[in-house]
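I have placed the structure first, in the form of structure tokens, so that the comments after it can refer back to it.
Residue numbers (the working numbering): 150 to 425.
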């Protein structure tokens with residue numbers, strides 16, 4: 150029997166912080182800027198989206214959405230990505246994996262002139278309305294819309310320039326070391342150690358990682374740690390020093406410095422402003 154399909158939606162208007170820091174475990178999130186301009190911030194990426202633009206965020210990344218230059222309105226839908234495991238073709242699963250990994254570190258915006266824009270916005274609005282009205286079998290209709298939308302996104306992702314396809318396939322080469330980082334971010338790790346997964350030199354691994362993921366290996370590892378630190382700050386009451394230790398950054402002072410450099414605020418202020 151299949152898993153329960155997870156879906157949610159909301160809309161927020163106003164100035165300043167529109168959507169507090171939150172993550173949707175195992176779920177991708179789509180944001181549609183209905184009015185104004187917003188800044189979307191995660192531990193790995195920060196970008197601006199303007200009125201009419203649609204963007205998506207990778208699962209499990211804590212994000213904030215802030216109105217810029219006045220008030221704004223943003224709609225949000227999120228849905229689980231477990232159907233990755235149900236894709237019958239391995240190439241489809243590989244493409245989806247590459248898409249999710251690269252969406253962590255890149256701004257994934259669809260502007261009105263993008264090929265998929267009209268279809269994606271239509272899907273967003275349909276799913277949002279279905280969720281609000283919740284008529285009979287609304288979840289099935291939403292799931293069908295999401296499946297078709299993701300098929301379009303994955304197909305579009307694969308139909309890129311040859312140079313981009315080479316980069317995408319290199320993400321697959323990094324899969325074992327990326328999975329290791331996700332599982333062992335609390336522990337000390339080094340580039341030579343990670344390079345062993347590919348049986349390549351540390352210098353080659355460093356270049357391959359930066360070209361494929363868009364960050365240096367160290368910056369990526371620290372971003373993973375900061376993201377988990379954000380989760381702990383939101384979901385618990387542990388002191389900053391304990392959070393730093395838990396995510397592998399050791400010193401509370403170093404964690405706070407890195408946190409402020411990444412997010413522009415301190416861990417305590419982040420918790421105070423965002424914790425529910």
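Idealized CB from N, CA, C, for every residue including glycine.
The way I'd put it, the stretch 387–403 doesn't touch the stretch 187–197; fewer than three beta-carbon pairs between them come closer than 8 Å. For residue 413, no beta strand (DSSP E) segment is defined, and its DSSP state is neither H nor E. Judged by beta-carbon spacing, residue 226 lies beyond the 7 Å limit of residue 332, meaning their Cβ atoms are not closer than that value. For a cut-off of 8 Å, the C-beta gap from residue 177 to residue 206 is around 7 Å, short enough to register as a contact. Fewer than three pairs of CB atoms, one per stretch, sit closer than 8 Å, so the stretch 329–349 makes no contact with the stretch 296–310. The Cβ atoms of residue 367 and residue 378 lie no closer than 7 Å to each other. Shortest Cα-Cα distance from residue 322 to any of 290, 243, 162 and 180 involves 243. For residue 350, there is no enclosing beta strand (DSSP E), as DSSP gives it neither H nor E. As a beta-bridge residue in DSSP terms, residue 180 pairs with 204 and 225. CA-CA distance, residue 266 to residue 204, rounds to 10 Å.
7 Å or more divides the Cβ of residue 182 from the Cβ of residue 214.
When the beta-carbon positions are compared, residue 374 and residue 329 stay at least 7 Å from each other.
Check the Cα spacing between residue 253 and each of 241, 380 and 376: the tightest is with 376. If you check the CB distance, residue 208 and residue 230 come in under 7 Å. Per DSSP, the continuous alpha helix (DSSP H) segment holding residue 374 begins and ends at 366–384. The Cβ atoms of residue 220 and residue 163 lie closer than 7 Å to each other.
Where residue 235 is concerned, there is no enclosing alpha helix (DSSP H), because DSSP gives it neither an H nor an E. One thing to note: residue 423 has its Cβ no nearer than 7 Å to the Cβ of residue 361. In the three-state DSSP reduction, residue 154 falls in the coil class, being neither helix nor strand. Between residue 407 and residue 371 the beta-carbon gap is near 6 Å, inside 8 Å, which marks them as a contact. Distance between residue 273 and residue 251, taken at the CA atoms: about 22 Å.
Exposed is the label assigned to residue 353, since fewer than 16 other Cβ atoms lie within 10 Å of its Cβ. As for any alpha helix (DSSP H) of minimum length 4 sitting wholly inside the stretch 281–312, the runs are 287–307, ordered along the chain. Within the same chain, and ignoring the five residues on either side of residue 357 in sequence, the residues whose Cβ sits closer than 8 Å to its Cβ are 319, 322, 323, 347 and 349.
For the pair residue 258 and residue 198, the Cα-to-Cα distance works out to about 7 Å.
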